[in-house]
Amino acid sequence: MTLWTHYHTPSSLAEAHALLQSYAGRARVIAGGTDLLLDIRHGHLTPPEALIDITKIPEMCSLIQEGDDLVIGAGVTHTRIVTDALIAARATCLVESCGVVGGPQVRNVGTLGGNVAHALPAGDGTTSLVALDAWADVIVRDERRWLPIRELFLGPGQSLLDPTRDLLVRFRIPLAQEREGSAFKRIMRPQGVALPILGCAAWVRLDSSGERCEDIRLCIGPVDRVPVRAEQVEAAVRGQPIDPATVDAAVAAGRTSLSPRTSKYRATASYRQEMIDVLLRRVLPLAAERARTGQAVPEGVGME
Amino acid sequence: MSLLKVTVNGQTVEKDIPESRTLAQFLRLDLGLTGTKIGCEEAECGICTVLVDGVPVDSCLYPAFKAQGAAITTIEGLAQNGTLHPLQRAFIEHGAVQCGFCTPGVIMTAKALLEQNPNPTDHDIKVALKDTYCRCTGYTSIFNAIHSAASELRGEGPLPWKRVETVGPLSAVGQPVAPPESVDKVTGRARFTDDYVFPGMLIGRTLRSAYPHARIRRIDTAKARALPGVRAVLTHEDVPGDNIHGLIYDDWPVLAADKVRYMGDAVAIVAADDADTAERALGLIEVDYEPLPVVYGPEYANTPEAPLVHEDWPTGNLLKHIKVRHGDVEQGFAEADVIIERTYRTPTIEHMFMEPECAIGVPAGYDAEHPKLTIYVGSQIPYEDRRQTARALGLPEDQIRVRGTLIGGGFGGKEDIAGQIHVGLLAQKTGRPVKMLYTRQESLLFHPKRHATVIRIKTGARRDGTLTAVQAELYGDGGAYASLSDKVMTRATTHATGPYVVPNAKIDCYVMYTNNPPSGAFRGFGVTQSAFAVEQNMDLVAEAIGMDPVEFRRKNAQRVGATTATGQLLRESVGLLETLERVDRDMRGGTPGSFRWGWREGNKAYGWGIACAYKNTGLGGGAIDRSVAEVEVFEDSSAEVRTSSADMGQGLTAVLAQVTAEELGLPVARVRVLLSDTDLTPDGGPTTASRQTYVSGNAARHAAITMRDALRAVVAERLSVAPDELVFENGRVRANGTAVELGEAVRWMREEGREARARYQYDAPATQPLGTGGDMHFAFSYATQAALVEVDLETGAVRVVKVIASNDVGRAINPRTLEGQVEGGISMGLGNALTEEYIIENGVPWSTLFARYKIPSIKHTPEIVSHIVEEPTADGPFGAKGVGEITSINTTPAIANAVYHATGVRVFCNPIDQDALLRALKAGAAEVHTTWHDVR
Ligand SMILES: Cc1cc2nc3c(=O)[nH]c(=O)nc-3n(C[C@H](O)[C@H](O)[C@H](O)COP(=O)(O)OP(=O)(O)OC[C@H]3O[C@@H](n4cnc5c(N)ncnc54)[C@H](O)[C@@H]3O)c2cc1C
Ligand code: FES
Ligand code: FES
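Top line first, the protein sequences correspond to chains A and B.
Note that the working numbering has the first sequence beginning at 1, numbered continuously upward.
Note that the working numbering has the second sequence beginning at 1, numbered continuously upward.
This is the structure in structure tokens:
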């Protein structure tokens, strides 16, 4: 079956934008194609007339440190993120989440931008970007601007971006400073589709004593129609010493504030509820440990 | 059309191609580089992997123009100047090539790994190959091959193949010979059906049913026929012969006429100039259906309110009631101190051979090579294909030639007709060759699968551990058509006592017609399902009487002199106890006193589980079990052995070459094997029931002996020596001092006006039908497996750490391909236990994507220890009996028993659901009766 008719590989944002406009809704942006082409192949999307490949646009593929921030092009592949020493050391959760997407062949072409634009409530890369409080550089309705990443998501598979005309260009994430650390883990089942039962990313900043949590950002999903922060869990940890009692409090807050649902052939609500406990107990201490020591070795890459 | 400029395997290529091409299409269709295989087109299976600028990608969903300017490396580019790459050599040497369909992708993925990491650990290999699947090997040999190639590339030399211990190897038999087609399989030269292209070839497609159960009121093909590029649209009205086919019962329409009975039913077929046109034509066929209530499962099918799937079947939805009666079960249970009765459920399981079905029909008289209608297909039963095609086309059988191509895995799933008849019809109609390749999704929808079963089993034993009785009731989901249901469920029934002495047994099996995909043959042939129930019930009884599970099995194990529940006296070749002892010794390790079945470490629980199994070799039950083979010897001292038996990766070609070489005193490399061509090779019968090593092995062996005796007489006369002084050795015939080349003897024979060719029809020892007592089978293979599992007590996730297997195979004719069967069988059993289930929702399959049906990946590979037991069977070739199925049957119950020992929770349904297991653990429940399809 022919999945598309024309294939364009623009070399600048302007060119990509102009191409999209000229096709007036009949073209789609493609990065790695690992979500898009399957959607077309499985009939969720009618074959577009043209695909506009954004992966040869320099801005989309750049990885640049700007002071204490990192700017990541939307067209950067999971593999590049996973093998980047700076991200491993200072945005560890992102390596851990991009490191579990598919297998090497998928990570070699699949992009962070595609993961975000696909807008699943628990896209692995997305979960970590939310915990890292990333901002996105987008061209929406012909206007270019920076948005907090969470503002992109409207519902499952739906984002602010119109995939026939808008572009996601870059992400900006703060790199971990002294006493900051992050971690990501997920729970899978060996049967059925490779969507996480639950994923969890945490970013933690300790106070100057290195004992209390000064600030925390936590993303657990899927627990809602869009990726969300677990704010009540954060509140249970913020300002507290990182110790078993606080983790218990976080778990208790998770139990009362988060209500994951049963999804067919994936997980029962009660199992997911248990997994919130498990993930919090695994992720929080790990993120805090990384913040305390300033050392981070990504875990689970390529295997979970 | 646009210009694509790339380098492919070092050569610059510039070609005008449609912008819609994927990289795989560009390679296969535009460049003819068919070494790159397609297994799913979902970016899931990884076997289409090629390297783009050194980076492995799934070429099936990689737009060709994404590769503009890049350097592409495919499997064809690996060997340099005819010298194999170390990876290619290592894959052959370590037995990592079975059907070979995954091999190009696996090797390319491994190549990318070794380029980045010259000394990878097992973990590194798992990460790199996690999404590159192989259904045959079970991956152990792939690890070994990659380590070996890495070592060679580092300049440290290749690693030797890990030899298993077997009894005295002969010059060819007992040697780890690589199947002759292995080199083609590692270089990409091997041709599977989809790799054949004929001039003027059309593309065929099938319109499948829109409902699981419906009456067809009207089919209108006018619009489809009017579409430019469409060459034929056929419905049931266009079937010139009988519109019916089937393996045992003829109940399956070639094209649905009045009714559809499952979602895979073929309603119309189309041949068009290209795939897109064919696809569009399908959309233009109008079918007016009247949907009927759906018979969604076997228990419902047996109720009075269920509608009939086949209105004219004399027993309604009951396809067959199978009975085993032995002794007096009432009496047996009265003698029992302990009785355990439980219900077990096993789901529909999919073969997931890596190569989806493909068939090509070339019409009679199309060119010089095709005077007859010729069907190219990778099939397990070429002569059956010919019979069924001839019947539907209304042609005499000898006007059809079935040419078997390489088979990219079968496991029982390529015994039924797929596209064979349809391409025959379309080719005859259009006068042009027609190729019909099923997509993975169509394959999943269409072909017969492993029966889902519900098994209630009641086991009684005395306190001293003696089994007194087994009573069982099995319901099998036969699906919409009979296929091999009768035979498969008969095996499930007759093996429902397990390999034990059970003096009293009463077993009833009901195979039901439903509106689910048909069920048929699948490695294990019904015994996989009953073993899941039997072996868990054995553990429950052992626990109830306070006996060690091994001791309990030892006490009841079949031995020579025992009688099976079907009344068969076992006179020889019962290696069960030996397999049990070997596994037990290994499992308990050096200090048996400290052995524990289960223990905990932190948040992990560990447990061992054990299970035994037996499996018949051959068709049995009174069927004539015949194979014919032909051996020809040539003047260059080479030989060819011919039979229509299928090698779907299990290594039959090697076995046939070995037995022939052994008897003719030839080096194995001098024996060619020609399989599965109904014009050139005699009928070897179906490749099923673990029978070919035995039956075709015997036919080849006897043909070779006949050939040798004829040559012996000729040479004896010429050299004036007594015939029995002549020795056939190393390609020569030798007698005290003088020797001649075998080819010379052939010349002498020809001078006498005789062909150096012998044909032998081998009939296996006669068997008796079920219910008549006597020998239902001529041989049984036996096995014991122990599995060590780790259960994550926080998540419920189950991991198989280690499997110790011991198989009694009679004789290890080829220890390397045998190990491949052991490792691959365990992997399949592990999938059956943990990852696989084909889900059907009210007759509508849900599992119609590779992504929705997980087979074990390399990351699931446990450590495997294999012990070979060789209790020869008198009539087997060199003592050999079946291997293909026995290796896979008891893995699942061993894992289930292990999970119980680890956690105290027994799981009565597979695959084991971590969600349900964890909830049971939290709730303190001792039993799980649901699985992941219940998560809704
Ligand atoms: C076998 C397999 C396993 C997978 N496993 C996982 C997993 O474990 N976890 C997970 O999260 N995902 C998984 N995925 C999904 C997928 O690989 C990821 O979401 C990936 O990051 C998508 O990126 P892509 O570049 O391939 O996106 P594409 O498919 O190219 O695009 C996805 C969508 O985003 C749009 N888009 C892409 N880039 C842009 C842009 N720059 N601007 C505007 N719109 C854009 C496209 O139009 C499309 O709608 C898996 C996929 C496969 C095939
Ligand atoms: S991943 Fe490409 S064919 Fe399966
Ligand atoms: S050898 Fe790997 S799928 Fe057959």
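The beta-carbon is built from N, C-alpha and C at its ideal position, and this holds for glycine as well.
Practice prompt. Report the neighbours of A:R266 on chain B: residues whose CB is nearer than 7 Å to its CB, in chain order.
Written response: V935
Fill in: Sequence-distant residues of its chain with Cβ nearer than 8 Å to A:R281 (five each side left out)
V247, V251
Item to complete: Indicate whether the contact test is met: 3 or more Cβ pairs, each with one atom in the stretch 526-542 of chain B and one in the stretch 450-469 of chain B, closer than 8 Å.
Response: yes
Worksheet item: A:R145 bridges to which residues according to DSSP?
Response: A:V138
Worksheet item: Between B:Q98 and ligand 3, is the CB less than 8 Å from at least one heavy atom?
Response: yes
Worksheet item: Are the Cβ atoms of B:I813 and B:Q785 separated by less than 9 Å?
Response: no
Discussion item. Quick check: is the beta carbon of B:E115 nearer than 9 Å to any beta carbon in chain A?
Written reply: no
Worksheet entry | Distance between beta carbons of B:L61 and B:T22, contact taken as under 8 Å | 6 Å
Worksheet item: Per DSSP, B:L928 forms a beta bridge with which residues?
Response: The sequence shown places Val at residue 928 of chain B, not Leu. For B:V928, which the question treats as bridged, DSSP gives the partners B:V907.
Discussion item. Along the chain, where does the beta strand (DSSP E) containing A:G202 start, and where does it finish?
Written reply: Contrary to the premise, residue 202 of chain A reads as Ala rather than Gly in this sequence. Counting along the chain, the beta strand (DSSP E) containing A:A202 begins and ends at 198-206.
Worksheet item: Got a sec? Which residues, its chain only, sit under 6 Å from B:V470 by beta carbon, not counting five neighbours each side?
Response: T459, T497, V502, A505
Worksheet item: Alpha carbon to alpha carbon, how far is A:A117 from A:P58?
Response: 19 Å
Discussion item. So A:R41 contacts chain B; which residues on that side make the cut at Cβ distance below 8 Å?
Written reply: E41, E42, L61
Worksheet entry | Anticipated Cβ contact below 8 Å, B:P307 with B:A214, distance rounded | Not quite, the Cβ-Cβ distance comes to about 11 Å (not below 8 Å), so this is no contact.
Worksheet item: From the beta carbon of A:H78, is the nearest beta carbon of chain B less than 9 Å away?
Response: no
Fill in: Contact between the stretch 433-444 of chain B and the stretch 391-408 of chain B (3+ Cβ pairs under 8 Å)
no
Discussion item. Residues of the stretch 64-79 of chain B in Cβ contact with chain A at a cutoff of 7 Å, in chain order, please.
Written reply: F65, K66, Q68
Worksheet item: When DSSP labels each residue in this structure, what does B:I889 get in the three-state scheme?
Response: helix
Worksheet item: At what residue ranges does the stretch 743-768 of chain B contain a whole run of the beta strand (DSSP E), taking only runs of 3 or more?
Response: 757-763
Discussion item. For ligand 3, is there any heavy atom lying closer than 8 Å to the beta carbon of B:G46?
Written reply: no
Worksheet entry | Per DSSP, the bridge partner or partners of B:W997 | Because residue 997 of chain B is not part of the residues shown, which for chain B are 1 to 936, the question remains open.
Worksheet item: Is the stretch 887-901 of chain B touching the stretch 597-615 of chain B, taking contact as three or more C-beta pairs under 8 Å?
Response: yes
Fill in: Nearest-angstrom Cα separation, counted from B:Y853 out to B:A224
33 Å
Item to complete: May I have the straight-line CA-CA distance separating B:A565 from B:H326, to the nearest angstrom?
Response: 6 Å
Discussion item. Can you determine whether any heavy atom of ligand 3 sits closer than 8 Å to the C-beta of B:Y133, and answer yes or no?
Written reply: yes
Item to complete: Following the continuous beta strand (DSSP E) through A:L218, name the residue where it begins and the one where it ends.
Response: 213-221
Practice prompt. Please list the partners that A:I187 has in chain B, where partner means a Cβ-to-Cβ separation under 7 Å.
Written response: T795
Practice prompt. Please compile the residues from chain A whose C-beta is within a distance smaller than 9 Å of the C-beta of B:E19.
Written response: W4, T5, H6, Y7, H8, A50, L51
Discussion item. Let me make sure I understand the geometry here. Which of A:D277, A:I220, A:V140 has the alpha-carbon closest to that of A:L20?
Written reply: A:V140
Discussion item. List, from N- to C-terminal side, the beta strand (DSSP E) runs of 3 residues or more that fit wholly inside the stretch 640-699 of chain B.
Written reply: 671-675
Discussion item. Residues of chain B with CB closer than 7 Å to the CB of A:A131, please, in chain order.
Written reply: Going along chain B, no residue has its Cβ under 7 Å from A:A131, so there is no contact; the nearest lies around 21 Å.
Practice prompt. State the start and end residues of the unbroken alpha helix (DSSP H) segment that holds B:R732.
Written response: Taken as a continuous stretch (DSSP letters only), B:R732 belongs to no alpha helix (DSSP H), being part of the beta strand (DSSP E) at 732-735.
Item to complete: Report, in whole angstroms, the separation of the C-beta atoms of B:L207 and B:T277, which I expect to be a contact under 8 Å.
Response: Not really, about 14 Å apart at Cβ, beyond 8 Å.
Worksheet item: Taking just the CA atoms, how far does B:D53 sit from B:A71?
Response: 5 Å
Worksheet item: Going along chain A in order, which residues have a C-beta closer than 7 Å to the C-beta of B:P911?
Response: Q191
Discussion item. Cβ closer than 7 Å: which chain A residues qualify as neighbours of B:R852?
Written reply: G192, V193
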